Amino acid sequence: MKIFHLWLIPLLPFAGFLLNGILGRGLPKWLVSTIALLAPLGSLLIVLSTTFGFFGSVPVPHFEPRIETCPIGWIHAGALNIDFTFVLDQLSLVMLLVVTGVGFLIHIYSVGYMGHEEGYWRFFSYMNLFMFFMTVLVLAGNALLMFVGWEGVGLASYLLIGFYFQKKSAASAGMKAFVVNRIGDFGFLIGMFLLLATFGTLTFSEIAAKLDADPTLQGGVVTAIALCLLLGAAGKSAQLPLYVWLPDAMEGPTPVSALIHAATMVTAGVYMIARTHAIFDRSPLALSVVAIVGAATALFAATIGLAQTDIKRVLAYSTISQLGYMFLGCGVAAYSAAIFHLVTHAFFKALLFLGAGAVIHALNGEQDLRKMGGLRKNVPLTFWTMTIAVFTIAGFPPLAAFFSKDAILAAAFAQGSSGKILWFVGLVTALLTSFYMFRLWYLTFTGESRAEGHHHPHANPKSMLGVLVILAILSICGGWIGIGAGVGRFGAFLAPATGQHLEEASAGSLELILSIVAVAVAAIGWFIAHSIYSKGTKRAEELAATYSGPHTLLVHKYYVDEFYSATIVKPILATSTYVLDWIVDKAILGGAAWLLAGICKFAGALLQRWQSGNIRSYAAWLTAGAAAILLFVLVPWSTVLAEWFGIHVGMGGH
Amino acid sequence: MIPLSWYLLLSALLFSMGIVGFLIKRNLITVFMSIELMLNAVNLSFVTFAHQWHAVKGQIFVFFVMMVAAAEAAVGLAIIIAVFRARATLAVDRVDLMKL
Chain A
3 MKIFHLWLIP LLPFAGFLLN GILGRGLPKW LVSTIALLAP LGSLLIVLST TFGFFGSVPV
63 PHFEPRIETC PIGWIHAGAL NIDFTFVLDQ LSLVMLLVVT GVGFLIHIYS VGYMGHEEGY
123 WRFFSYMNLF MFFMTVLVLA GNALLMFVGW EGVGLASYLL IGFYFQKKSA ASAGMKAFVV
183 NRIGDFGFLI GMFLLLATFG TLTFSEIAAK LDADPTLQGG VVTAIALCLL LGAAGKSAQL
243 PLYVWLPDAM EGPTPVSALI HAATMVTAGV YMIARTHAIF DRSPLALSVV AIVGAATALF
303 AATIGLAQTD IKRVLAYSTI SQLGYMFLGC GVAAYSAAIF HLVTHAFFKA LLFLGAGAVI
363 HALNGEQDLR KMGGLRKNVP LTFWTMTIAV FTIAGFPPLA AFFSKDAILA AAFAQGSSGK
423 ILWFVGLVTA LLTSFYMFRL WYLTFTGESR AEGHHHPHAN PKSMLGVLVI LAILSICGGW
483 IGIGAGVGRF GAFLAPATGQ HLEEASAGSL ELILSIVAVA VAAIGWFIAH SIYSKGTKRA
543 EELAATYSGP HTLLVHKYYV DEFYSATIVK PILATSTYVL DWIVDKAILG GAAWLLAGIC
603 KFAGALLQRW QSGNIRSYAA WLTAGAAAIL LFVLVPWSTV LAEWFGIHVG MGGH
Chain B
69 MIPLSWYLLL SALLFSMGIV GFLIKRNLIT VFMSIELMLN AVNLSFVTFA HQWHAVKGQI
129 FVFFVMMVAA AEAAVGLAII IAVFRARATL AVDRVDLMKL
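Chains as they are written, first to last, in the numbering used here: chain A, 3 to 656; chain B, 69 to 168.
Okay, here's the thing in structure tokens:
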């Protein structure tokens, strides 16, 4: 179906943003939500219209990539040509389905969740703005257009993290997210400059074609480009060492955490690496860096997640950890597996966040796991959907993450001896993941209520619960698209866009053994969590007291924030205050300005005596002036000077 | 016949009286009259030269000057009345709001 232009996909949410952003303050709530919902729904329907007759086709759905270039040029300078090019290929189609699909669901959920908030219209206009930039990012056919979307989602993220801007912690969390992302964006920019210098183009397809045409192009500059792009991806996708902004980003409303900081925006880094895979494929060094960063982040964030007590922060560290998996997948060149995990993660992590949001909503804003408990009876539907999500993320078959996580782990295992280490790290992470998710599950839903006071949990709106059910179904079934020999149907579908990596998954029996090991590990994690948390928090407190050293370390998140604060933030702040502000700004620049002003003032004080305001003094000056002019004109000066003083002036005098 | 220089002397005398009045008198109306005196001193010298050189241009100029002076008198007197209404005085020294 080619009846719709691609540019409609981003433009519909943009129209929603403009309508609600400009007029929303005066509109009734139902109209604001209608506008806000119709915009992403329209985009979703357009994306779906391109997939007609898609799911039935055997063995692999056929999809013809589409490229649309806006007739209005963008940058044409000499040999440099950059246009507004939108590309809909297998990769961007998958990503778009996730972004618009999950995005639309979360919009519906938000109608219920944000119903009582002030600035309802503001929230939805920001959400639509996010959808606009995210679809631009996904559809972009060149790195610069992608960068526009990249920065735009950062802006939307900043605005939504700081949605409760009266709260200082929310405002500074938004700032932190923005500043940390700047570091990544710096890498992305440098990468783009290097791309321009090396290939003379930023269009992804042309870069891939030039790399294909010249097999000698590798090492050196290619590695540098890949590492710069990795820095950008690590910033956006919250990988080591730039992950610190994501846990703080939980200050935003929960639907925002679900949409932006779990399902879509933070996966943009993975998407970007998959999009530029041609470059990464040429640099084994950069690929191994990607894999190491991913594996290290996965493990590191999972360990922090063990000891967090804020339900949203546990999920945030879980997100960082799962993003680490995706990077690990990219690092072993299993891009389709990484994208596969991205898709399933979008389903189950959105479900987890929205479920957590439903729990928080039911408890009137309580986020502390220690003050929950016993909610199974109060919010049964939320309980069941959350249970599905917890089992999914732990990796039990036949739920979605079982397939996607296995695809990544199997691809890592197939990478030789170093791959075995990555696989082992991934496995340990799976154990930790299973443990902390079941910990969250036990603390939230089982046992007795530990809530302070006696407020009764209240029911959630139907719109919220309906979305939970849909996402639960997706979390169950989402993995089945990947079933199949080798890289599976999903991998085969993506193969034209992510390059031919069909050999990455190994023989059936080995894969089966790896799967069994992974499931066993998940079960062990569940068992440990059960033995500690199924009977309240007493056992956990005993353990924390016994191992107080490691426990404190985890509770304080390895003191990374403190470390960054001491080594980076404080020195920069001190330099800014003492050197830049006091010396450069106040002393040098300010001093120069004061000096100039002082000179003017002094001159003015002298000259103002002329402007006495006294008419007769003006008259006197006028007369004196007229007399002086007369004197000058009438007196034959050259003659006078020559005859009286013997001075000769002028050429013709005598 | 009275020589030319006498007319010019009279003109210069009137002009000087105008300047002195312009500079030293306090009353706005007197200052204004001094200005008129200076204009008429100039007119006298114009007419003198026109008669001397039989050039009618000088006399035409006098009419122009008188016309401008009439206009100026209208505007000037209006300003003086406005000043008087506002400040209840015509002393030049007191009309000094422009002073810093």
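All C-beta atoms in this analysis are idealised placements derived from N, C-alpha and C, irrespective of residue type, glycine included. Note that the coordinates shown come from a computational prediction; the quantities given were computed from them, not determined experimentally.
Next item on the list: Assign I515/A to one of three DSSP states: helix, strand, or coil.
Entry: Taking the first sequence and counting its residues from 1, the one referred to as residue 515/A is at position 513. DSSP places I515/A in helix when its eight states are reduced to three.
Notebook entry, point to check: Does DSSP put D164/B in a helix, in a strand, or in coil?
Noted result: Walking along the second sequence from the start, residue 164/B turns up at place 96. Coil at D164/B, not helix or strand.
Notebook entry, point to check: Taking S127/A as the reference, which of L161/A, A293/A and V100/A has the closest Cα?
Noted result: For the purposes of this step, residue 127/A is taken as the residue at position 125 of the first sequence. Nearest of L161/A, A293/A and V100/A to S127/A, Cα basis: L161/A.
Next item on the list: May I ask you to report which of helix, strand or coil DSSP gives D283/A?
Entry: Taking the first sequence and counting its residues from 1, the one referred to as residue 283/A is at position 281. Helix, per DSSP.
Next item on the list: Identify whether L308/A lies in helix, strand or coil by the three-state DSSP scheme.
Entry: Mapped onto the first sequence, residue 308/A falls at position 306. Coil, per DSSP.
Notebook entry, point to check: Do we get a CB-CB distance below 9 Å when we pair R184/A with the residues of chain B?
Noted result: Indexing the first sequence from 1 puts residue 184/A at position 182. It does not: the Cβ of R184/A has no partner Cβ on chain B nearer than 9 Å.
Checklist line | Cβ shell of R501/A (< 6 Å), same chain only, five flanking positions each side left out | finding: Stepping through the first sequence from its first residue, residue 501/A is reached at position 499. Just to set this straight, residue 501/A is Gly in the shown sequence, not Arg. H279.
Next item on the list: Answer yes or no: do Q324/A and T435/A have a C-beta to C-beta separation smaller than 9 Å?
Entry: Looking up residue 324/A in the first sequence gives position 322. Looking up residue 435/A in the first sequence gives position 433. Result yes, Cβ atoms of Q324/A and T435/A sit closer than 9 Å.
Item checked: Proximity winner among L632/A, F65/A and L107/A, relative to A41/A (alpha-carbon distances) -> Numbered from its first residue, the first sequence carries residue 41/A at position 39. Ranking L632/A, F65/A and L107/A by Cα distance to A41/A puts L107/A first.
Note to self: Between which two residues does the beta strand (DSSP E) holding E70/A run?
What the structure shows: Within the first sequence, the letter at position 68 stands for residue 70/A. R68 to A79 is the span of the beta strand (DSSP E), which, as asked, contains E70/A.
Check: In whole angstroms, what is the alpha-carbon distance linking L77/B and F117/B?
Finding: What you label residue 77/B is simply residue 9 of the second sequence in a count that begins at 1. What you label residue 117/B is simply residue 49 of the second sequence in a count that begins at 1. Between L77/B and F117/B, the C-alpha separation is close to 13 Å.
Note to self: So if DSSP puts V89/A in a beta bridge, which residue, or which two residues, is it bridged to?
What the structure shows: Position 87 of the first sequence, counting from 1, holds the residue named residue 89/A. V89/A is bridged to I69/A.
Notebook entry, point to check: What's the gap between the Cα of F2/A and the Cα of C230/A?
Noted result: Absent from the structure is residue 2/A, since the part of chain A shown begins at 3 and ends at 656.
Notebook entry, point to check: Using DSSP with H/G/I as helix, E/B as strand and the rest coil, what is A159/B?
Noted result: Position 91 of the second sequence holds residue 159/B. Strand at A159/B.
Next item on the list: Compute the Euclidean distance between the alpha carbons of I148/B and F83/B, then round it to the nearest angstrom.
Entry: Along the second sequence, one-based indexing puts residue 148/B at 80. Along the second sequence, one-based indexing puts residue 83/B at 15. Cα to Cα, I148/B sits roughly 23 Å from F83/B.
Notebook entry, point to check: Is DSSP giving A154/B helix, strand or coil here?
Noted result: Here residue 154/B is taken as the residue at index 86 of the second sequence, counted from 1. Helix at A154/B.
Note to self: Which residues of the region 79 to 91 of chain B have a Cβ closer than 8 Å to any Cβ of chain A? Give them in chain order.
What the structure shows: I87, F90 and L91
Notebook entry, point to check: Which residues in chain A sit within 7 Å of V163/B, going by Cβ to Cβ distance?
Noted result: The residue given as residue 163/B occupies position 95 in the second sequence. Under the 7 Å cutoff, chain A gives I617.
Notebook entry, point to check: To the nearest angstrom, how far is it from the Cα of I649/A to the Cα of L643/A?
Noted result: Start at 1 with the first residue of the first sequence, and residue 649/A comes out as number 647. Start at 1 with the first residue of the first sequence, and residue 643/A comes out as number 641. Straight-line Cα distance between these residues: approximately 5 Å.
Checklist line | H343/A - containing alpha helix (DSSP H), residue span | finding: Taking the first sequence and counting its residues from 1, the one referred to as residue 343/A is at position 341. Unbroken alpha helix (DSSP H) run through H343/A: Y337 to A364.
Check: So with Cβ pairs under 9 Å, would you call A621/A a contact of chain B?
Finding: The residue you call residue 621/A lines up with position 619 of the first sequence. Closer than 9 Å to some Cβ of chain B, the Cβ of A621/A qualifies, so yes.
Next item on the list: Identify, in the order they occur along the chain, each residue of the same chain with its Cβ nearer than 7 Å to the Cβ of G151/A, setting aside the five sequence neighbours on each side.
Entry: On the first sequence, residue 151/A is found 149 positions in, with the first residue counted as 1. Result list for G151/A: F135, M136, V138, L139 and A142, in chain order.
Checklist line | V160/B: contacting residues in chain A (beta-carbon distance under 9 Å) | finding: Taking the first residue of the second sequence as position 1, residue 160/B is located at position 92. Near V160/B (Cβ distances below 9 Å), the residues of chain A are N616, I617, R618 and A621.
Checklist line | Contact set between the region 543 to 577 of chain A and chain B, restricted to residues whose Cβ is under 7 Å from the partner | finding: none
Next item on the list: Closer than 7 Å by beta-carbon distance: list the chain B residues that pair up with T625/A, in chain order.
Entry: As a working note, residue 625/A is residue 623 in the first sequence. Result: I87 and L91.
Margin query: If we require 4 or more residues per run, which alpha helix (DSSP H) segments fall completely within the region 129 to 199 of chain A?
Written below: 145 to 163
Checklist line | Spatial neighbours of S320/A in its chain, beta-carbon cut-off 8 Å, leaving aside the 5 residues before and after | finding: Reading the first sequence from its first residue, position 318 is the one you call residue 320/A. Result list for S320/A: A303, A304, G307, K351, L354, I395, T435, Y438 and M439, in chain order.
Check: Assuming A499/A contacts Q92/A under a Cβ cut-off of 8 Å, what Cβ separation, rounded to an integer in Å, is found between them?
Finding: Counting from one through the first sequence, the residue named residue 499/A turns up at place 497. Counting from one through the first sequence, the residue named residue 92/A turns up at place 90. Indeed, because the Cβ distance is near 4 Å, the residues count as touching under 8 Å.
Note to self: Quick check on V99/B - is its C-beta less than 9 Å from some C-beta in chain A?
What the structure shows: As a position in the second sequence, residue 99/B is number 31, starting the count at 1. Yes, V99/B lies at the interface with chain A (some Cβ there is under 9 Å from its Cβ).
Next item on the list: Give the single residue among T205/A, A251/A, T269/A and D214/A whose Cα lies nearest to the Cα of L232/A.
Entry: Within the first sequence, numbered from 1, the residue matching residue 232/A stands at position 230. Answer by Cα proximity: T269/A.
Checklist line | Whether V334/A touches L424/A by CB criterion (9 Å) | finding: Walking along the first sequence from the start, residue 334/A turns up at place 332. Walking along the first sequence from the start, residue 424/A turns up at place 422. Yes, these two residues count as a Cβ contact at 9 Å.
Item checked: Simplified DSSP assignment, three categories, for N108/B -> Against the second sequence, residue 108/B aligns to sequence position 40. Reduced to three states, the DSSP call for N108/B is helix.
Margin query: Suppose you measure from the CA of A340/A to the CA of K407/A; what does that come to, to the nearest Å?
Written below: Residue mapping note: residue 340/A aligns to position 338 of the first sequence, counting from 1. Residue mapping note: residue 407/A aligns to position 405 of the first sequence, counting from 1. Computed Cα separation, rounded: 9 Å.
Next item on the list: Take F393/A and list the residues in its own chain whose beta-carbon comes closer than 8 Å to its own, dropping the five residues that flank it on each side.
Entry: Here residue 393/A corresponds to residue number 391 of the first sequence, with the count starting at 1. L401.
Item checked: Rounded C-alpha distance that separates F405/A from V272/A -> Taking the first sequence and counting its residues from 1, one reaches residue 405/A at position 403. Taking the first sequence and counting its residues from 1, one reaches residue 272/A at position 270. About 18 Å.
Notebook entry, point to check: For T98/B, which residues from the same chain have a beta carbon less than 8 Å from its beta carbon, with the 5 sequence-adjacent residues on both sides left out?
Noted result: Position 30 of the second sequence holds residue 98/B. G89.
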